[in-house]
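Undergrad: Residue numbers (our numbering), protein chains in the order written: chain A, 1 to 308; chain B, 1001 to 1100.
Cβ atoms here follow ideal geometry from the backbone N, Cα and C, with glycine treated the same way.
Computed from a prediction, not measured in an experiment: that's the story for all the values here.
#1: For chain A, find out if any of its Cβ atoms is closer than 8 Å to the Cβ of residue 1024/B; answer yes or no.
#2: Based on the DSSP secondary-structure assignment, which residues constitute the bridge partners of residue 301/A?
#3: Please list the partners that residue 1094/B has in chain A, where partner means a Cβ-to-Cβ separation under 9 Å.
#4: Can you grab the Cα-Cα spacing for the pair residue 292/A / residue 1076/B, in whole Å?
#5: Which residue's Cα is closest to the Cα of residue 123/A: 289/A, 44/A, 287/A, 269/A?
#6: Just to check, is the beta-carbon of residue 48/A closer than 7 Å to a non-hydrogen atom of the ligand MG?
#7: Please name the residue, chosen from 182/A, 239/A, 18/A, 285/A, that lies closest to residue 255/A on a Cα-to-Cα basis.
#8: Report the CB separation of residue 113/A from residue 1070/B in whole angstroms; it is logged as a contact under 8 Å.
#9: Cβ of residue 182/A within 8 Å of Cβ of residue 227/A?
#10: Since residue 89/A meets chain B, which of its residues come closer than 8 Å, beta carbon to beta carbon?
#11: Distance, Cα to Cα, residue 307/A vs residue 211/A?
#12: For residue 196/A, which option in 209/A, 92/A, 166/A has the closest C-alpha, if you only look at C-alpha atoms?
#13: Kindly indicate if chain A contains any beta-carbon less than 8 Å away from that of residue 1051/B.
#14: I need the straight-line Cα distance from residue 1004/B to residue 1045/B, nearest angstrom please.
#15: Are any of the Cβ atoms in chain A nearer than 8 Å to that of residue 1029/B?
#16: For residue 1019/B and residue 83/A, what's the separation of their Cα atoms in angstroms?
#17: With burial defined as no fewer than 16 other Cβ atoms inside 10 Å of the residue's Cβ, what is the status of residue 1100/B: buried or exposed?
#18: By the DSSP assignment, the alpha helix (DSSP H) with residue 97/A in it spans what residues?
#19: Run the CB neighbour count on residue 175/A, radius 10 Å, all protein chains shown included, and call it buried at 16 or more, exposed below.
#20: In whole angstroms, what separates the C-alpha of residue 1036/B from that of residue 249/A?
#21: Rounded to whole angstroms, what's the CA-CA distance from residue 36/A to residue 61/A? Just pull it up for me.
#22: Closer than 8 Å is the cut-off here; do at least three beta carbon pairs connect the stretch 1073–1092 of chain B with the stretch 68–86 of chain A?
#23: Consult DSSP for residue 1074/B and reduce its assignment to one of helix, strand or coil.
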């Protein structure tokens, strides 16, 4: 029974993925891709990776979907939304099939891995969720660099702004019809989303959730209120937003340096201080992740001006 | 059994993504195809990790990191696509014009 469910799910994923690559029309491809992300989140839940399922649904389907939809809207304004009729590209198909076949071979050829036994070290990590323990304690380097990658990507996006648009608010101006669906949802959803996002961060210490999933939900709340025209989009030069961007990586770096000076090394956490340290880092990271994701999705400052 | 289904789906998604990246000219399509490659690899990796007897949190943490990095990359790529369209009026590379 469960195998039948998995096969159906995978068939749906492949079908939707296929449609987003080979189907006609860029807009339709974006919609198929959002559906694809949601189906994939179910697949992750089937694999028992609930933290990944949350991240997939919130980040891949949700935020990437908004990002692609907004980009499609901008391209259409620039008359670049259309594409020529698509034809089958045989050499590309051969290469793609070869790579997929190689992965299939690897699946059957490679030995089954053995998971390291974390039951002894997990109590020392300060948190009960092993994924959070890995992200913020055992492999904190990855997470620190990841938060810096987010910042680097944002700087890259801002560098694409035109000089004369630099002082303009970030992103395109949104117009929501008063009394329309977006305007109403922009007032109803945020309180629920705020509670849910903060809960995900707090619960992430011991069960499913964490700074990235919670931060993404908070980012979504922020985006909805901006699109509904309730919250004004910030400008590049506003110091409060800049401070929010660097708060997480900054606190993380400082705690890492403190570990180098007083504990067993850079990013090392002494077991009795680990829980408060992780909660502090996660809280600061959540703020920065949420703000960085919002600014990444709404894009560089744009006055909606002329086409060069 | 189920794990193999997910792994083979992941492999097929990587193939699909590579095809889209090579064969589709519109740059937004290529961003989508790039994301298909990424998520296919994550699925393959996740299925491989689930093969071990105990639940292994390390691959899960790596995949979450990967998902966030993929979003950062997509945001930068989308920004570049819009900048390309703004300066040339097209969302294609010059090589792909007329083709595809």
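TA: According to the structure data:
#1: At least one chain A Cβ lies under 8 Å of residue 1024/B.
#2: In DSSP, residue 301/A forms a bridge with 170/A, 171/A.
#3: Going along chain A, no residue has its Cβ under 9 Å from residue 1094/B, so there is no contact; the nearest lies around 14 Å.
#4: Answer to the nearest angstrom: the Cα atoms are 13 Å apart.
#5: It is 269/A whose Cα lies nearest to the Cα of residue 123/A.
#6: This structure lacks the ligand MG, and indeed carries no ligand of any kind.
#7: Its Cα nearest to that of residue 255/A, the residue 285/A stands out among 182/A, 239/A, 18/A, 285/A.
#8: About 23 Å; that fails the 8 Å criterion.
#9: With contacts defined as CB atoms closer than 8 Å, residue 182/A and residue 227/A qualify as a contacting pair.
#10: Against chain B, the beta carbon of residue 89/A has neighbours under 8 Å at 1019, 1022, 1023, 1100, listed in chain order.
#11: Caution applies to residue 307/A, whose pLDDT of 46 falls short of 50 and renders its modelled position unreliable; the model cannot decide the point.
#12: Selected option, being the one with the closest Cα: 209/A.
#13: The C-beta of residue 1051/B comes closer than 8 Å to at least one C-beta of chain A.
#14: As the crow flies, the alpha-carbon of residue 1004/B is around 11 Å from that of residue 1045/B.
#15: Yes, residue 1029/B counts as interfacial toward chain A.
#16: Computed Cα separation, rounded: 17 Å.
#17: Residue placement at residue 1100/B is flagged as unreliable, the pLDDT there being 41, under the threshold of 50; the coordinate-derived value follows with that caveat. Label assigned to residue 1100/B: buried.
#18: Residues 90–109.
#19: Exposed.
#20: C-alpha separation (whole angstroms): 29 Å.
#21: Those two C-alpha atoms are separated by around 7 Å.
#22: Yes: the two stretches touch, three or more of their Cβ pairs being nearer than 8 Å.
#23: Helix.
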